[in-house]
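Residue numbering for the sequence shown follows the working numbering, beginning at 1393 and increasing consecutively. Ideal placement from N, C-alpha and C gives every residue a C-beta, glycine not left out. Just so we're clear, the structure is a prediction, and the values are computed from it rather than from any experiment. First up is the structure itself, then whatever we jot down about it.
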Amino acid sequence: MTVRLNLFAPEFRANPYPFFAELRRQPTLAQVDPLGFWAVSRYADVLHVLKNPQLFSSTGHRGPAEPEWLGRSNPFADSMVMQDPPQHTRLRALVNRAFGPTALSRMEPRIRAYAEQAAAELTLGRPVDFVEAFALRVPASVIGELLGLDASLHPRFKRWADDINNTSSTPPDAHEWHAQIRGTYAEMEQYLKEVIAERRRSPREDMVSELLAARIEGEALTDAELLGFLFLLLVAGLETTIHLLGHSALVLAERPDVFARVRADRSLVPRFIEEVLRYEPVAQTLMRLTTAETELCGVRLPAGSHVMLLLGSACRDEAQFPNSERFDLDREGPSNMPFGHGIHFCLGAPLARMEARLALNALLDRCGGLVRDATPVQWHASIVVRGPTVLPLTVLPG
């Protein structure tokens, strides 16, 4: 059946969860407009697809990532999130050590310093855009240091990430938007190719140099694979933490009792982060492509069918999470679904959690409360990720 749900509608972006609830109530899979993809909305069904990558291929991302209007290849399509084994296995092995426990321990003091500086420079007592004033600054500094990028470019990172994520979410008649996105691809690719060439000439202690030197059974990353990974890290590494911090601030502003509990007992910060990830997952959708005819939720899908996994819906599934529409700080256990599952479980999940933990502790040290402004929140236009792009808040003195 087809559900007349416009994924680009402002009301859907502002609050998709009532629409997701309606999809979960459907007895079978539903197709959503305007893309006609088969939408998988229940937790158990999403998990089934993620557990069977041989039947539901990650190359399903490629079509939406390379629309005709883009007029060029998308380096993101060469990243490991759009690859299946054995290519995915090789790429993940090459970059895996960069996100291991040893690397994270080495990074923690610097991330704490970035978070404390951003918190110390927050304006108190009058409305600010929390995204620009705080949520962007921490991950931009982290990604910039990881890759050894020019600090003067940090303000560009958000525009780059937004445009890349919006590639698959832009209406076909949005010609000015298309031109902007094409310009972003050209700008990013030129800059990152220059970074790669410079590191070849003069290696540094950064991830680009480490990836250039990395070998698995004597094999290095190709230039296209390296460029794809840098696109992936810039976009996913930035957007995940920005929106996780934005969602966290919004939850704290709307629930003063939760703010008071977490500020008084910092051991609750990790649990708070896990519930934010479940309640407002940053990654809202994943795309898959069927490799053979299969049946899913009572629907026969031919080979080559586009399947859209609604992570945002799965994380609100009543069958998996009792009282799923309620933010519950006492909910037991982490929900890893916001970071995917199986071979494509997000490599940067530990880094995102650590950034959020350090940033929230620095924020709670600095302020005594967060108050919503009357100005509406502006939401990301992408159907891939969800988060506030402009979040007017007043940060109260501690």
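query: Where in the stretch 1717-1785 do unbroken runs of the alpha helix (DSSP H), each at least 4 residues long, occur, reported from the N-terminal end onward?; result: 1741-1758
query: Report the option in 1630, 1514 and 1432 whose CA atom is closest to the CA atom of residue 1687.; result: 1432
query: With three or more beta-carbon pairs closer than 8 Å as the criterion, would you say the stretch 1724-1731 touches the stretch 1666-1679?; result: yes
query: Pull up the distance between the alpha-carbon of residue 1556 and that of residue 1577, whole angstroms please.; result: 8 Å
query: Ignore the nearest five residues each way along the sequence and tell me which others in residue 1523's own chain have a CB closer than 7 Å to its CB.; result: 1634, 1638, 1780, 1781, 1782 and 1783
query: Using CA atoms only, rank isn't needed, just tell me which of 1669, 1539 and 1573 is closest to residue 1619.; result: 1539
query: Okay, do the stretch 1471-1488 and the stretch 1708-1723 touch, 3+ Cβ pairs below 8 Å being the bar?; result: no
query: Beta-carbon within less than 7 Å of residue 1742's beta-carbon, same chain only, minus the 5 sequence neighbours each way: which residues are those?; result: 1491 and 1496
query: How do the stretch 1457-1467 and the stretch 1700-1709 stand: do at least 3 beta-carbon pairs fall below 8 Å, yes or no?; result: no
query: Suppose the cutoff is 8 Å on Cβ atoms and the five residues either side in sequence are ignored; what does the same chain contact list for residue 1797 look like?; result: Residue 1797 falls outside the range modelled here, since the chain spans only 1393 to 1790, and no answer is possible.
query: On the CB-based measure, 16 or more other CB atoms within 10 Å of its CB, does residue 1564 come out buried or exposed?; result: exposed
query: Check each candidate in 1719, 1414 and 1680 and name the one with the smallest Cα separation from residue 1642.; result: 1719
query: Tell whether a beta-carbon distance below 8 Å holds between residue 1424 and residue 1399.; result: yes
query: Does residue 1582 come out as helix, strand or coil in the three-state DSSP assignment?; result: helix
query: Pull up the distance between the alpha-carbon of residue 1401 and that of residue 1571, whole angstroms please.; result: 21 Å
query: Under 8 Å by Cβ, that's how I've got residue 1535 and residue 1625 pegged, so tell me the actual separation to the nearest angstrom.; result: 7 Å
query: For the alpha helix (DSSP H) that contains residue 1700, what are its first and last residues?; result: Taken as a continuous stretch (DSSP letters only), residue 1700 belongs to no alpha helix (DSSP H), being part of the beta strand (DSSP E) at 1698-1702.
query: Going by other Cβ atoms of all chains shown within 10 Å of its Cβ, with 16 needed for buried, is residue 1767 buried or exposed?; result: exposed
query: So, at 6 Å on beta carbons, what are the nonlocal neighbours of residue 1760 in its own chain, with the 5 sequence-adjacent residues on each side left out?; result: 1788, 1789 and 1790
query: When you compare the CB positions of residue 1785 and residue 1520, do they come within less than 8 Å of one another, or not?; result: yes
query: Give the range of the beta strand (DSSP E) segment to which residue 1518 is assigned.; result: That residue, residue 1518, is in no beta strand (DSSP E); it is neither H nor E in DSSP.
query: Do the stretch 1762-1778 and the stretch 1663-1671 meet, that is, are 3 or more Cβ pairs less than 8 Å apart?; result: no
query: Thinking C-alpha only, which one of 1737, 1748, 1615 and 1762 is nearest residue 1582?; result: 1615
query: Kindly indicate which residue of 1481, 1568 and 1612 has the alpha-carbon position closest to the one of residue 1737.; result: 1481
query: So, is residue 1494 buried or exposed, given that buried needs 16 or more other C-beta atoms within 10 angstroms?; result: exposed
query: Just list the beta strand (DSSP E) runs in the stretch 1555-1635, keeping only unbroken ones of 3 residues or longer that don't cross its boundaries, in chain order.; result: none
query: Counting beta carbon pairs with one atom in the stretch 1641-1660 and one in the stretch 1409-1429, are three or more of them shorter than 8 Å?; result: no
query: Are the beta-carbon atoms belonging to residue 1560 and residue 1457 less than 8 Å from one another?; result: yes
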